[in-house]
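Those sequence lines, one after another, are chains A and B.
Using the working numbering, read the first sequence as starting at 620 and increasing by one per residue.
Using the working numbering, read the second sequence as starting at 5 and increasing by one per residue.
Accompanying notes for the structure given below.
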Amino acid sequence: MPQLDSFLPVWIVMFPMVMTVVIFYVEQRSEKMRNALAVATSVVTFLSVLALYPGVMAGKIIEFELFQILPNLAISFRVDILSFSLALLSSFIWMLVAIYSIDYMCKEHGCNRYYPVLIITLASCMGIFMAGDLFTLFVFFELMSLISYVLVVHEETIEALRAGYKYLIMTIIGGLALFFGIIITFELGGSVSLSNPVPLISEPSNLAFFAFISFLIGFGMKAGMFPLHVWLPDAHPVAPSPASALLSGIMLKTGAYGLLRVIFHVYGIEFMQETGWTVILAVVAVITILLGSAVAITQENLKRRLAYSSVGQMGYILLGISILNERALMGNIFHIFSHAFMKSTLFLAAGAIILKTGKKNIKDLGGIGRQMPFTMFAFTLAALSMIGIPPFNGFLSKWTLSLGAMDAGVPFYVLILLISSLLNGLYYLPIIISAFFGEEHGEGHQHQSIKINEAPYKMLIPIAILAISCLLFGLLPSNLPFDLSRVAAEYLLRGGF
Amino acid sequence: MNLSQHLPALIVVVPLFFAFVMPLLARWRKQWCVPVTLGAIIFSFVAAVKMAFQVMNTGPFSYYMGDWPPPWGIELGIDYLAAFAALTITGVGLLIIWYGSKDLLHELKAEVIGWYYTLYLLLIASMVGIVITNDIFNMFVFLEICAIAACGIISIKESRDCIEAAFKYLVLSVLGSGAFLLAVAMLYMVTGHLNFTFMAEALPEAMALYPNNLLVALALLIVGLGVKAALFPLHVWLPDAHSSAPSPSSAVLSALVIKVYAVAMIRLLYLVFPRELLGMAPVMEIILWMSSLAIIIGSMFAIVQDDIKKMLAYSSIAQIGYVFLGVGLMSESALVGGILHIFNHALMKSMLFLAAGAFIYGTGVRKLSELKGIGHTMPIPAIAFCIGAFSMVGIPITSGFISKWYLALGSLDVGRPFFMGVILISSLLNGFYYLPIVVNAFFGEPEKAVAKPKPLPKQMLVPLTILSFGVIFFGVFPSLILGIVYRAAQLLLGL
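Right under this line is the structure:
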């Protein structure tokens, strides 16, 4: 009899899916129940992922095949250390965002649409990370991408719909590129399973190269890679803030995750080192870093600036993937963690500001730190971490990445990281400075004493937890994300077995 | 007399018989028309299911009409492809006319409804006849019945558009039939046979003597069937005909009628003509390029349409291209994809046309730009439309994905990834025209007629639901239908 462990991945994916339907029925009766169920679902999902910890840390790989759609093409699940790390991170942040949403969304319309979508996106996200083959990954990837469209256009303004259309078209393009890549892999390797003991594609050929480029387009589109990032700065800011936090914090990472799987499982590290195709990835990653950071400076809208910053940060992750050595990989996986924490803090803080004051533009944010000290403090922590100041986790990931770059003998990448940190400073510090020391714009405000006007505690607690994590995971020399990244990096370099 | 032995004949004869009873019934007992029509088609459907099981269990079999053995009598050959196509035709045809039993009441004048059932039954009978016959002249007869009945169900609406479209269709269709008849005559001339099996045996010998005759016959066949199947660039009649007809007619025309000619062409090309003849002229190459053009250009035309049914009609031109792409690639996977797409597209397109028909029934609106917010007021057709759209784009877990998967795999098998690119580009184009409709339907405030639609009767909702369920079901469990498709492809390729 298979152990209970092997059913857990199915449970983790199916449970939120079933709950989506439950929530959909409950919400017609009671809003309170709906909110409670949404939070409960994300908590249970998080705990279920946590339950995988002992098995996975012991080096076990959990595999489970649900059913075959076509010969050699099945819906299957597989949890290894990398899947586990990302699933843990995602479900954790999802849980916090669900709690945050309760107060944030109460003033928004269409909550009855928002919560089921939130939960089913969680399910598909879990499905991506726990997929046992590229086909399952693709199915859940498409599901997540298409459903998060509803989150993007939630406001239903012209702006949102326009951004949503762009997002939708890019998603379709990305999906088709993935289809192309997967089918070539299937043709060349005879299978798309991730648990093949040898890489699926072993000989360089034109088709293999096409497949690589297709994967790069498909996953890179999601990860906001230059030049496919165009949808991201439009789509992320128009979504409601908790959704932006998830879009930027988690869903971008699915692209990076997919690329990791492709490079290490479909092609294998020797193949990549021999052919040097990752140079393409490195080049676009460098451009992505510089472009994202530079354009962020010019943005006036806070959430838009954060979105461009995400583009830049995803560049780090892509760069880390392209270097292909242990420390770079470790830095890259740890940066997935760091960026998730930092960016969701920032977006949630921005959401709190929007909820309380309605201010969306950076120039209006003068003096906001006196009005919302707590929120802005969390914002500051995360922003400093973004810049890469020790002892925050952002520093740790950049440090490890730089070490990886030095190991690979490419100090040029370190320079890029430094330049980008400088640019990050250029666009984050002014916000902080004017928030705490600046004057509030507008008339009639100068002489009023500023009252503290914080968001409700259900919003503050998630922000606080995330902000403290940014500090904690940088300060402690040995913490869970860092250990996970280390083990995962070793595991991937071993060939993923 | 053992009834089940005669199923291959009865599956055609029963609807044919009731087609002629229908005008009587319409005068005498009007309310019987619908149940009798449904009953006749259900009988054919059950017969098709039974035949499919028989074929799967004991292999292909043939039936001699009136016990006259070939080459003198007419032979019906039930092989995998025939059983599969008969199943598709009767199954989807049943759902469409079930839906039509309510929809027609508001689209047609009361006195012609009885005639509609006559034409519909004729159409179903002739389509089944085309796919199961093993005799080329018999096929021609059914082709003619099919063409006339198809024109009939377009022009029955008696609006100016419909008559014009039906006339255009009639002229081109007759042209096609003429070409087909000439081809039949030429084949008969050189082989002395009308039966497929005997023709196939006699052809290699005849090929040495009259190669040019055979090439001309082949060209005439492809043009004749191509016109009827609306293969680009012979598609000009389709958009008008399919968009102006009553919704059930559009559904049956787009989903089934054009596919039948594709099945006929598959059988003739693969079973009758020897490979060497196909090698003499780049026939398959021509079909490949025509279908690629159909796929791309059909999708492009669809993008600019504002009439929902016209858009669906152009989309059909692109989708029939997929079927022919599968035929032209000559690999097992591609042929499986092409044949499977006959079934998948029948499901999807009939569902989309029926959903469009439901919108028109409920609101009277057929402009895409005015359908804003329809998802709020008519959720079931809108969700069905949404599923159909995803399936058209080829999102996994819908049936459209499976046929694309096989077609793409087939194009890689023969080392021509270019055609995979064609499939992908067309999927993208499909996304361009289908997704905005879905988005508009669900994100937007309903206005005017859309805000307060007529409630849909159950007879229209249930077929729609079954079809949308089918699209998902055969996307998740394609193996149910793939078994027969695989064997059909293997038999055709002689594997």
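A virtual CB, placed ideally from N, CA and C, is assigned to each residue, including glycine.
With which residues is B:G81 paired in a DSSP beta bridge? B:S66
Under a three-way DSSP split, which group does B:R33 fall into? coil
Where does B:V188 land, buried or exposed, given buried means 16+ other C-beta within 10 angstroms? buried
Quick one: is B:G424 near chain A, going by C-beta distance under 8 Å? Here the sequence assigns Met to residue 424 of chain B, which means Gly is not the residue at that position. Cβ-Cβ to chain A under 8 Å: yes for B:M424.
Between the stretch 446-477 of chain B and chain A, which residues of the former have CB atoms less than 7 Å from a CB of the latter, in chain order? F447
Step through the CB atoms of chain A and report whether any lies within less than 8 Å of the CB of B:G431. Rather than Gly, the amino acid found at residue 431 of chain B in this sequence is Ser. By this cut-off, B:S431 is an interface position.
Under the three-state DSSP convention, the category B:Q463 falls into: helix
Check whether the Cβ of B:V397 lies closer than 8 Å to any Cβ atom in chain A. yes
Should B:F421 be flagged as near chain A, meaning a C-beta pair shorter than 8 Å? Reading off the sequence shown, one finds Pro at residue 421 of chain B, where the question assumed Phe. B:P421 counts as touching chain A.
Between the stretch 350-357 of chain B and the stretch 287-301 of chain B, are three or more C-beta pairs nearer than 8 Å? no
Any beta-carbon of chain B closer than 8 Å to the one on A:E1118? No answer is possible for residue 1118 of chain A: the residues shown for chain A start at 620 and end at 1116.
Range covered by the alpha helix (DSSP H) that runs through B:E280: 279-284
Work out the CA separation of A:I766 and A:G800 for me, nearest whole Å. 22 Å
Span of the alpha helix (DSSP H) holding A:A1108? 1099-1112
Residues within the stretch 846-872 of chain A neighbouring chain B, beta-carbon criterion of under 9 Å: none
Does the distance from the CB of B:Y274 to the CB of B:L486 come in under 8 Å? no
In whole angstroms, what separates the C-alpha of A:R653 from that of A:V698? 30 Å
Out of A:F759, A:I952, A:I791, which has the shortest C-alpha to C-alpha gap to B:V397? A:I791
Cβ of B:W409 less than 8 Å from any chain A Cβ? yes
Taking just the CA atoms, how far does A:L965 sit from A:G1063? Low confidence applies to A:G1063: its pLDDT is 48, below 50, so where it sits in the model is not reliable enough to give any reading.
Report the rounded CA-to-CA distance for B:H380 versus B:I343, giving the unit in angstroms. 36 Å
Can you name the residues of chain B whose CB is closer than 8 Å to the CB of A:L787? G435, L439, V443
Assuming B:G414 and B:A338 form a contact by the criterion Cβ under 8 Å, report the distance between their Cβ atoms to the nearest whole angstrom. 2 Å
My output table needs one value for A:I681: the three-state DSSP class, helix, strand or coil. strand
Whose C-beta lies closer than 8 Å to the C-beta of B:M203 among residues of the same chain, with five residues either side of it excluded? I140, L191, T195, H197, V276
B:A87 versus B:I136: straight-line alpha-carbon distance, rounded: 7 Å
Measure the alpha-carbon distance for A:K922 versus A:V668 and round it to whole angstroms. 31 Å
Based on the DSSP secondary-structure assignment, which residues constitute the bridge partners of A:Q990? Note: A:Q990 sits in no beta bridge, so no partner.
Measuring CB to CB, does B:K161 end up less than 8 Å from B:E111? yes
Quick one: give me the first and last residue of the alpha helix (DSSP H) that B:L484 is part of. 483-497
Span of the beta strand (DSSP E), counted from its first residue to its last, around A:V698: 692-698
Using a Cβ cut-off of 8 Å (strictly closer), state whether A:E684 contacts chain B. no
Which residues, in order along the stretch 990-1017 of chain A, keep a beta-carbon less than 9 Å from a beta-carbon of chain B? none
Boundaries of the alpha helix (DSSP H) in which B:W409 is found, first to last residue: 403-417
Beta-carbon proximity check, B:F508 vs B:G95, cutoff 8 Å: Outside the displayed span of chain B (5 to 499) sits residue 508 of chain B, for which this structure offers no information.
Alpha helix (DSSP H) segment containing B:Y124, residue limits: 117-136
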